[in-house]
Structure formats: C-alpha cells, structure tokens
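Here the structure is laid out as structure tokens; the discussion comes afterwards.
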Amino acid sequence: MMTNCATRSARLSGWHATWQARMGGLRPMSSFWRSFLRYFVPGALLILLGAWFIIDSERQHRLEELKHEQRLAVGLGAQALSRQVNSLVADLDFLSRSASLRNLAATPSADHRTRLEEDFANFLRARPVYDQLRWLDARGQEVARIELTRGEVRVVPRVELQNKADRYYFREAITGKPGQIFLSRLDLNVERGEIEQPHKPMLRIAMPVADAQGNVAGLLVLNYLADEMLQRFEMVTHRYGTQFSLLDGEGYWLHAEDPADAWGFMFRDALRSLPVRAPAVWRQMQDSEGQFENEGHLWTYASVFPLASESQPLTSMGQAPNAFRWLVVSRISPEHLALTLPAHRARIWLAIAVLVALLAAGAALLARQQQRELLREQRFQAVFDNAMVGMATSSLDRSWLTVNPALCRILGYDSATLLTKTWAELTHPDDLDANIAEFKATLRGDQQSYTIQKRFIRADGEVVMTDIAARIIRKANGKPDYFVVIVEDVTARQQAEHTNRLLNRRAQALLELPKAAESMDEADFMQYAIDQAERLTDSKIGFIHFINDDGKSIELVAWSISTPANYCHAVFDRHYPLDEAGIWAEAARTRQSVIVNDYATAETRKGLPDGHAHLERFISVPVVENTQVQMILGVGNRSTPYLPVDVETAQLIGSETWRIVQRQRSERALQAASQVVNASPIVCFRWRAVEGWPIEYVSDNVRQWGYTPEGLLAGDPPYSAMVHPDDLERSAAEVTAYTAAGATSYEQEYRLLTADGRVLWVVDRTRVVRGPDNSPQYYDGVVTDITERKQRQSELAAALAEQLKLNKRLEEANNQLMQSEKMASIGQLAAGVAHELNNPIGFVHSNLGTLDAYLNDLMSLIDAYQTLADETATGTASFEQIARLKEQLDFDYLRSDIFKLVSESKDGLSRVKKIVQDLKSFSRVGEQEWQPADLHQGIDSTLNIVWNELKYKCQVVKDYGDLPPVFCLISQLNQVFMNLLVNAGHAIEKQGTITIRTRYDGKDRVVVEVSDTGSGIPKENLTRIFDPFFTTKPVGKGTGLGLSLSYSIIERHHGRFEVESEVGVGTTFRVILPVTQAAAGAPGTEEKSA
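This is the structure:
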C-alpha cells in the first residue's frame, strides 16, 4: 500500500512539473498586449465617464435625501410645538368652563372661592406642567392662586395674594372679549424684578371670563412651565443627529446649539440673536418655511404660528400681533456634509476598481483563449495517459476509438490490439445483454449517461469485475457522435467485500455450532456441520471422514445433503485403508490442507471410479489433535476457484466440529461411567484430607447403605462417623501411616455402619491426591462390600482341599489324554485349568493377606517384648534362655524368610486364581433368576462392549425382526453373543462385514444368526469347535473356552447351535431358542438352585 501511494505521489508530482513547464513555455507575445489594450482602453474610458456621472448623480441624490430628511425633522419639531400650544389652549378652555369658576364669577363668595381653589388644585395635580393657576377679578386683584412648588401643589393664602393690575398681560387681556385667548411671549420667569435661577422658561396664557350678565368678571391666567415643551422639542429633533435650534420672531434663540446663546432678549444682548450673527441667513428666513445653502452650510427652517391655528381669535401679549412666530431651524455644517457624502463616493470608486479589474481580467481571458485551449488539451492528455482508472472513447458501433494505458492494463492488451476489438466481444457473455440495453437506451436519448457493473474477459482468460460509467457526446445538431467511458477495476474490492461477508457468516456459523449440537445426535450434527462448511464456501459437495486410531484406515461419517448419492462409493461406518483413498486424503497423509482448483490436471490424482460424480475442484483439511490426524473435512465443486480464506473456513468448521464431537463423547462416556458405577455394588467416594474426612463426592448407589448423597455432601454424617468405632482408630492410623510414607494408593479392610444400623465389612481401595507441595489434598476411594466374603472365610480351607483334589484329577486326566486322542478335549481342559487356575483360591489369597498382617502384628509384639527385656530383665536366666533359643532358631533369618514365603504364596495363588476364574465361568454360568428379556437390547449392549474390537475393520449390519420377550438368563446369553461377535471379528483379517439377523419362526422359537465375511472354518474343525480349549488362533490369542461355554449356556436354555461355514467366504452361527421354557420343558432344578 505504501509503495502504491508513493508511486501515485510521484506521478502527480511529474504531472505538476510537466504542467509548470508547459505554462512557462507560453510566454506573452506583443499580439497579446495589442489585443489586451484594444479590449481594455475603450472599456476603461467608458467606466471612468460613467463613474464621474454616477458619483455626481449620487452626490445630488444623497444631498436631496439629506435635505428631505432635514425638512422632515424641522416639520416634526414645528408640529410638536404646535401640538403643545394647542394642549395649553385646551386646558385653558376646560378650566374656563368649570362650574366653580362660573359660580365665582357670577356670585363672588368665600364658598365659591374655596370650591374653585379645590378644583384648581386637583387639576394642577393631574397636570403638573403649570407653575401657577390664577383667577384675577376685573380690578387685577388675585382672588385665587394655586402654585406648584417643588412638586407640591400649594393654595396661596389670601394675605399673600397680590394685585396684578399693572402687569402687561393683565392690561392687554382684561380689555378683550370674554372667551378670547391671550398668549404671552416665551421668556424666563421673573420674581421680584429678578430672573429666577435656575432659569425657568415660562409661557402665560389668559382668557377673560364673563359673569351671568355677560360682563367681564375677571381674568383666568395659566403660567405654563415651557421647559417641558423645549425638552420634547429636543427629543424629537435629536434623533436626526444634526444641529437644531428654536428662535422667536425677532431672531432670538429660545433653544440654541450653544445653551449660552439662548434668551438674549432677557439680558438685552442683541449679539445673542441670529439677525446680528448672520444677517444674510436671517434675511432668507422671512418666509414661513424654507431651505437654502449659505457658505457651505445647509439651513432648513419652519415657522410655528400657534395663535393662527386656533378657530377662535388669539392675541399676543407684549408683542406686535404679527410678531408672534417661532422658528424651528436646522443647520448642517460643511464638515458634516463632507463626512456624509464621501462614504458613498468610496463605494462607487470601489465598484469602479472592481469593474476595471474585471475588464482587465476579461481582456486577459480573451487574449489567452487560444493558449488555454491548447493547455486544456495537453492537461487532459496528461490525465488520460496517467489516470489510475481506465479511460476510453468508443464509437457508435462499439469499437474503441482511444484507450489509455490503465485500460490496457485492466484488459491485458496493448493499445494497438485493443483498438482492433469492440467492447462487446470482451464483455462476459452473462453481462452483455444488460450492457447493450443501457447502450441502446442512451443512443435513443432516453438517458445521457449510464453506469453499470460488469465483467470483462482479459487477454489471459481471467475475469475482471469493473464499474463502468459511460456518457454520450452529441454533435451540434443533437445527433450522437461518440461515447466517453470510464472503467474502474473493482475485482480486489469485491473480493475484499466477499471475504468480509464470509468472515461474518463464518463467525455466525461457529457460534451456532454448539447450539445445534445440543439438540442433535452425533450423526445429524456431523451432517449439519458439513452443510455449514459447504454453504460458507459456496460448494456443491461436502464430506467428513474419521481417521481410525491405527492411523491407517478411515471411515465416512457424514456427507452434506446436497452431495449426490453417486458422488462417493464409501459406506458409512465402513473402514477402508487410507493409502487406497484418493488425492483428497493427502490432508491426512501429509497433515496439511489440500486445495485443488483443477482436478483434471492434478498430478497426484488417482482417478475416479466408474459412476463417480464429476469432480472439478475441492479442498480437504485435516483436524489434528495430539499430533494425530483425527478427521478430514472436505468440500468441492464450487463454480469459482477456492481461495485461502475458504481453506481457513473449512479448517475452523472442522476443528470446531471435532472439538464438539469429542466433548459430547466425553460427556456420554462420563454419563455411562456414572451409570455403571451407580449400577454396581461398589461405592465411590472422595473426601478431603482434614479432620472428620468430609465428603466431597459420593456415587448415587450409596443409597444401598441407607444414606443419601445430598446428606453426605452436607456432612450428615462425615465419613469418619460411618466407620465402626472399634475400627476407626486403626483405620485412621493406617491412613496416616500410608500418607506419611508418601504412598499414592493403599487398601484397607474395616467395618462400616449403615444408616439402618447394619454392620458391613468393606475393602477400601484409595488413591491419595496430593497438591504441588506433596501434601495430601483428597482421598479417592472405591469401597466394596465384602461381608459375604468374610462370612464365608470358614469355607476357604474346604474349598482349598477340594481344589487340590481337582488339580490332582486334572493331572491324571491329562496323562490319560496324552495316551488317547479320544480324551484330547478332556486333556486340554485339564491343561487349561492347570495353566490358568486362579479364582478358586481367592479366599486362600485373602487369608494369606490376613496371615501377613497377623505375622506383622506378632513380630511387632516380639519386638515389644525384646525392648522390654532389654530395659528391665537384662541378665536374668529366663531372658538369657530366650536369647539362646533365638540364636539356635536363627530368628533373624526366620523372620525375613517367613515374609518372603508368604509373598511367594500370594503370588502363586494369584496365578491359580486367574486360571480357575475362567474355568468357574465355564462350569457355572451365572446365578441370577430366569425372567423374560429383550434379546435385541442384549445384543445391542453386547455389541457396544465389543465395538472397540470391531470398529476398525468391521462393518456391522443389523437385520432385526420382531421378537417377543424370551424367558432366559439374559446375562448368560449376552456372554454367548459376545463370544460369537468377537470370534467373527477375529475371523476378518482386514475389512469385512458382520451381519446380525433375528426372526421369529412362528413355532414359539426365535432365531439369532451371526454371520461374518471372514476366512471361514475348515470342515475338519467344525466338529471340534465346541470342545473345551480347542482353538485355531495363535498362542496367546484365545483360551478355547468361548464356544464351549456358549454351547453349555444354549443347551441349558433348551436351545441349539447350527453352524454354516465356507473357507474364504465366511461363517454363520445360528442360535435357536424357545420363547418360553414351558415350550421345551421347564428349567431343571439344578439351574434354579445354581
């Protein structure tokens, strides 16, 4: 991957260098500049002229906007003043119509005056914009005056009331008609001849009020605090951000840009007036409103004539009637204008610069058009030649017009060869129809392009998967011209995607295998597993073979559901030599996976038998455990070649399948072993090596002693409490001694107490389980009830004497058989008994063991006496006599030799015990009672026992009929079946078949046949095969008692044997038994009592 990236980077760097070189070669020429100037100069002149016009227009437009804005602002200021004056007139009219004022004017009295003062006070609280509310009588005397002092309404006491007859506003207003409104000049309040500080702008409004006869009774005067009106004026005009002022009719500032210029007339300062400051400006403000420029300043003004706005006549007080005018004036300085207009001019110049730049760029683009076209072609050719994907153009007849090197690499042709072919002939036949359909749809105009995934066949025959993107190029008249095609090789990507999907499916299958095994038997599970391997590898056949323990033969155990029946001629569970298997078995022979993608050309193939299914390709993997190949799993006949990932998949499935099968077999074996243990009289224990010997495991058959496994595991009781108290100390001491001596196992005999109080004699064979530090951890014991043996110890001497007599008789019989061929069988019986005698002297062997223990005890006692003598009786006559006697008897030699004699006797008796054991079985076959039994069940259980002898070279075929229960001693019949099956297996040297047939002949008899395909029995031996000790097997391979014992058992069941045999073909043993003993006569008294 890093190499590919480095190569790609180098190519890109090469393309960049080539492009730079080519660009550097395109030097500007004089024609370029002429073309550039021809386009650029006229355009630039037009842009500059247009810019000048736009800037001037923009300036005028902005100036007009500014003028309009100032006119609007001045008008709003004038309207605010007019509304305020109208509000004052409305308040004056309201108060003049009040009942309290009318009553006082009509009938002056103290009550009416008090009422008026209350009304005026309430009004002033509601409208705290007035400084004073006054009612003056016709002589100018204040009748009532209400003042607003520091926010508090105050009724002026009568003693403080003044006569205002000399004031100008009274003199002028009192002469007016009732209802006529008089308005004073807006000035500063004067108290006691001084201008009140801080300045308090004041506006007085008055109205004559008539009495009931219509005569003027007095004057109503309101002193308005004009500061509120001026603040509103400033608030309205302030938002426009320019300089506003308010002038009276004489040009004095009432509200000035500089507060120090206001109220000049109050201080008789003519310099604080506009006519003096700017006479030319004042002269142009004589109209009611207007706007003009003067010395770079923009002036805007509007007049306020509040007296002229009322419907009723208004008279000014203290001024000429036509002199009452307020002027709202705004002024914009040249500096402010200069700050406003250049912002727009800068944007215009920026736009001009952009246009010039665009013009220059356009001119340059036009001048370089030809060079660009050439460069574009060169760059496309570079991309075309060096692209990592295939690029081509194709004609309408499907021929290649141009191809790039990448496409040649993808298809495996050089460019000259590829141009002689069409894309259709290189397309995989299965994908051609879909490609042509898209091609024709594009030609018809149904679409302008199409994309498709299809396979190409390379020059070397390999199939490559590609993504195709094709677009049609049309002529100016709309007719098709040619196709542009992009081809990308996606074979590797598809393989990676396939591998990823396979890994996911494989992981899922491996997770499901253990679950499937839980609900299936072994055969069904093996078939399920090979089906999964076949599915994951997209195969059509699959098989599993087991390798036998000898490593030289194999057996077919499963093939997949889809595998045809004629694929393989191997028979299930049939063993055949590994070296005869085909190439697929190389996995077992070499312990390595085998992958063959072309069976026809495989060098090591052995060919297929007649009728075998066609085999194209396969993989075969071994499953190895403990350096031994245990199983072969194979799949085959996939449509495409197998890949290493398929081998890995088969290997994982095979290994997991074998692991699960082995685990299930182990579990079944453990279960069977537990069943065998629980069915036997032997009780198995495990107890911990601590005080009390607490039990950690006990077999279920401990219930025969009245205990439950659950109780014993819970410590009720501990094992030490089950040992007889008289034996506990001895038994514990022996365990301690064995353990301290480092013994790995030992054997004890002691008495055991059952839960119901019975006393049993048991033999305890125990294995010591030690930890890493060699300290004992557990004791695993097998405890056998030997109570009967103990009870019969008294019979041992008689049994031994009888056995000695029998030995003598057999010796005599042997001598007679040596002299007579007729007595050969008896001689063989005697020789066999003499050679294999063991079991009848088992009791003697037990007594010898007990004798050995007694001798040890006696020697311990003698040693104790000797120690006592050495300590207490040294020199006495008695002990000296004992010492001389020990020396005369050679006591030390006697002591060592006596134990050797006992050991040699036990060894001899062990040999005799082994010999007699078989003889006893021959002469006394079982002691259980007669009862109905299922022969099929007996045959199957016997077959399981001897299966290990048969499975490597025998195929067992069971042809069972319908049999009724047979009244018999089933254990003895099982011995017969075992002998017949083992003999049949021994008769087969390599591979063969054992057939077991049963049937009911309808005459209250059943027939059991055991046939083999072995070597057969010569005719001369057929008459002797039931004789005791007769055998044709090599020495050490058989005793010759099997068929003799079987014959005795069948005869006891009132049945018979039939034998058919042919040398080289095989042998059939046929057993015919009555269903009930009543059909052949009840069993004899000797069997019942045996």
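Under my numbering, think of the first position of the sequence shown as 6, with each following residue one higher. The beta-carbon is built from N, C-alpha and C at its ideal position, and this holds for glycine as well.
Open item on the list: Taking the straight line between their C-alpha atoms, what separation do you get for Y174 and N228?
Closed with: Taking the sequence shown and counting its residues from 1, the one referred to as residue 174 is at position 169. Taking the sequence shown and counting its residues from 1, the one referred to as residue 228 is at position 223. Computed Cα separation, rounded: 11 Å.
Open item on the list: Just to confirm, is the Cβ distance from Y257 to R273 under 8 Å?
Closed with: Counting from 1 along the sequence shown, the entry for residue 257 is found at position 252. Counting from 1 along the sequence shown, the entry for residue 273 is found at position 268. Not in contact: Y257 and R273 (Cβ atoms no closer than 8 Å).
Open item on the list: For a test of the three-state rule: what should DSSP assign to E739, helix, strand or coil?
Closed with: In the sequence shown, residue 739 corresponds to position 734, counting from 1. Helix at E739.
- [ ] Using alpha carbons as the reference points, say which of A992, G997, A397 lies closest to P1023.
- [x] Reading the sequence shown from its first residue, position 1018 is the one you call residue 1023. Closest by alpha carbon: A992.
TODO: Any chance you could list the beta strand (DSSP E) runs of at least 3 consecutive residues sitting entirely within the segment 183-233, in chain order?
DONE: Counting whole runs of 3 or more residues, the segment 183-233 contains the beta strand (DSSP E) stretches 186-189, 206-215, 221-230.
TODO: Determine the extent of the alpha helix (DSSP H) in which A534 is found, giving its start and end residues.
DONE: On the sequence shown, residue 534 is found 529 positions in, with the first residue counted as 1. Unbroken alpha helix (DSSP H) run through A534: 527-541.
- [ ] Along the alpha helix (DSSP H) that carries R755, what are the first and last residues, could you check?
- [x] To locate residue 755, count along the sequence shown from 1; it is residue 750. Here residue 755 turns out to be Tyr, not Arg, going by the sequence shown. No alpha helix (DSSP H) contains Y755, which is instead part of the beta strand (DSSP E) from 750-758.
Open item on the list: Taking the alpha helix (DSSP H) that E430 belongs to, which residues open and close that run?
Closed with: For the purposes of this step, residue 430 is identified with residue 425 of the sequence shown, where counting begins at 1. Unbroken alpha helix (DSSP H) run through E430: 428-431.
Task: Segment contact, 8 Å Cβ cut-off, at least three pairs: the segment 449-456 with the segment 474-485 - done: yes
Task: alpha helix (DSSP H) segment containing N602, residue limits - done: As a first step, residue 602 is located in the sequence shown; it is residue number 597 there, counting from the start. Note, N602: premise wrong, no alpha helix (DSSP H); not H, not E.
Task: Reference L985; option with closest CA among Q977, F1074, T1003, R1004 - done: On the sequence shown, position 980 is the one that residue 985 refers to. Answer by Cα proximity: F1074.
TODO: Take every Cβ of the segment 1045-1060, pair it with every Cβ of the segment 990-1008, and state whether three or more of those distances are shorter than 8 Å.
DONE: no
- [ ] Just tell me which of V1070, L1078, T398, V490 has its CA closest to the CA of V1012.
- [x] To locate residue 1012, count along the sequence shown from 1; it is residue 1007. Residue L1078 is the option with its Cα nearest to V1012.
- [ ] From the DSSP output, read off the bridge partner residues of S404.
- [x] Taking the sequence shown and counting its residues from 1, one reaches residue 404 at position 399. Answer by DSSP bridge pairing, in chain order: T427.
Open item on the list: Ignoring anything shorter than 3 residues, give me the beta strand (DSSP E) runs that lie fully in the segment 449-523, in order along the chain.
Closed with: As far as the segment 449-523 is concerned, its whole beta strand (DSSP E) runs of at least 3 residues are 454-462, 468-479, 485-494.
- [ ] Spell out the partners DSSP gives I1030 in its beta bridges.
- [x] Against the sequence shown, residue 1030 aligns to sequence position 1025. DSSP output for I1030 lists no bridge partner at all.
Task: Alpha-carbon spacing of G30 relative to E502, whole angstroms - done: For the purposes of this step, residue 30 is identified with residue 25 of the sequence shown, where counting begins at 1. For the purposes of this step, residue 502 is identified with residue 497 of the sequence shown, where counting begins at 1. Model confidence at G30 stands at a pLDDT of 42, short of 50, so the residue's coordinates are unreliable and nothing is read from them.
Task: P311 classed as buried or exposed, judged by whether at least 16 other C-beta atoms fall within 10 angstroms - done: For this step, residue 311 is matched to residue 306 along the sequence shown. Its Cβ being crowded by 16 or more others within 10 Å, P311 is buried.
TODO: Can you tell me which of T872, V767, Q871, L355 puts its alpha carbon nearest to the alpha carbon of M727?
DONE: For this step, residue 727 is matched to residue 722 along the sequence shown. Selected option, being the one with the closest Cα: V767.
Task: alpha helix (DSSP H) runs wholly inside the segment 80-115, at least 4 long, in chain order - done: Within the segment 80-115, the complete alpha helix (DSSP H) runs of at least 4 residues are 104-111.
Task: Other residues of its chain near V241: CB distance less than 6 Å, five sequence neighbours each side excluded - done: Counted from its first residue, the sequence shown places residue 241 at position 236. Hits under 6 Å: L81, G82, A85.
TODO: Would you decide whether Y306 is buried or exposed? Buried here means 16 or more other CB atoms lie within 10 Å of its CB.
DONE: Taking the first residue of the sequence shown as 1, we reach residue 306 at position 301. Buried is the call here.
Task: Separation of D967 from F1035, as counted between CA atoms - done: Here residue 1035 corresponds to residue number 1030 of the sequence shown, with the count starting at 1. Here residue 967 corresponds to residue number 962 of the sequence shown, with the count starting at 1. Roughly 35 Å separates the two Cα atoms.
TODO: Tell me, to the nearest whole angstrom, how far the beta carbon of A655 is from that of V666; I am working on the premise that it is less than 8 Å.
DONE: For the purposes of this step, residue 655 is taken as the residue at position 650 of the sequence shown. For the purposes of this step, residue 666 is taken as the residue at position 661 of the sequence shown. 16 Å between Cβ atoms; not a contact.
Task: Cβ neighbour criterion (16 or more within 10 Å) applied to W589 - done: Position 584 of the sequence shown holds residue 589. W589 counts as buried, since no fewer than 16 other beta carbons sit within 10 angstroms of its beta carbon.
Open item on the list: Once DSSP output is grouped into helix, strand and coil, what is the label at K891?
Closed with: Numbered from its first residue, the sequence shown carries residue 891 at position 886. It is helical.
Open item on the list: Beta-carbon within less than 6 Å of I1030's beta-carbon, same chain only, minus the 5 sequence neighbours each way: which residues are those?
Closed with: On the sequence shown, position 1025 is the one that residue 1030 refers to. Cβ within range, chain order: L1048.
Open item on the list: Taking 8 Å as the cut-off, does the segment 938-953 touch the segment 1055-1070 (at least 3 CB pairs, one atom from each stretch)?
Closed with: no
Task: Alpha-carbon to alpha-carbon, G483 and R381 - done: Counted from its first residue, the sequence shown places residue 381 at position 376. Counted from its first residue, the sequence shown places residue 483 at position 478. C-alpha separation (whole angstroms): 24 Å.
Open item on the list: Judging by CA-CA distance, which residue of Q796, E591, K545 is the nearest neighbour of H619?
Closed with: Numbered from 1 along the sequence shown, position 614 holds the residue referred to as residue 619. Of Q796, E591, K545, the residue nearest in Cα terms is K545.
TODO: Return the bridge partner residues of W564 from the DSSP annotation.
DONE: Residue numbering aside, residue 564 sits at position 559 when the sequence shown is read from its first letter. Bridge partners of W564: F548.
TODO: Take G1019 as the anchor and find which of W663, D1006, I999 has the nearest alpha-carbon.
DONE: Counted from its first residue, the sequence shown places residue 1019 at position 1014. The option with the nearest alpha carbon to G1019 is I999.
Task: Pairwise C-alpha distance: L1046 and I920 - done: On the sequence shown, residue 920 is found 915 positions in, with the first residue counted as 1. On the sequence shown, residue 1046 is found 1041 positions in, with the first residue counted as 1. Note that I920 scores a pLDDT of 48, beneath 50, so its modelled location is shaky; the value from the coordinates is reported in the next line. In a straight line, the C-alpha of I920 is about 12 Å away from that of L1046.
TODO: Just the C-alpha distance for W140 and L251, rounded to the nearest angstrom, thanks.
DONE: Looking up residue 140 in the sequence shown gives position 135. Looking up residue 251 in the sequence shown gives position 246. Between W140 and L251, the C-alpha separation is close to 31 Å.
TODO: Compare the Cα-Cα distances from R763 to each of A746, Y751, T792, I151 and report the closest residue.
DONE: By 1-based counting over the sequence shown, the position of residue 763 is 758. The candidate whose alpha carbon is nearest that of R763 is T792.
Open item on the list: Rounding to the nearest angstrom, what Cα-Cα distance links T1081 and F982 in this structure?
Closed with: Sequence index remark: in the sequence shown, residue 1081 carries index 1076 (1-based). Sequence index remark: in the sequence shown, residue 982 carries index 977 (1-based). When rounded, the distance between both Cα atoms is 19 Å.
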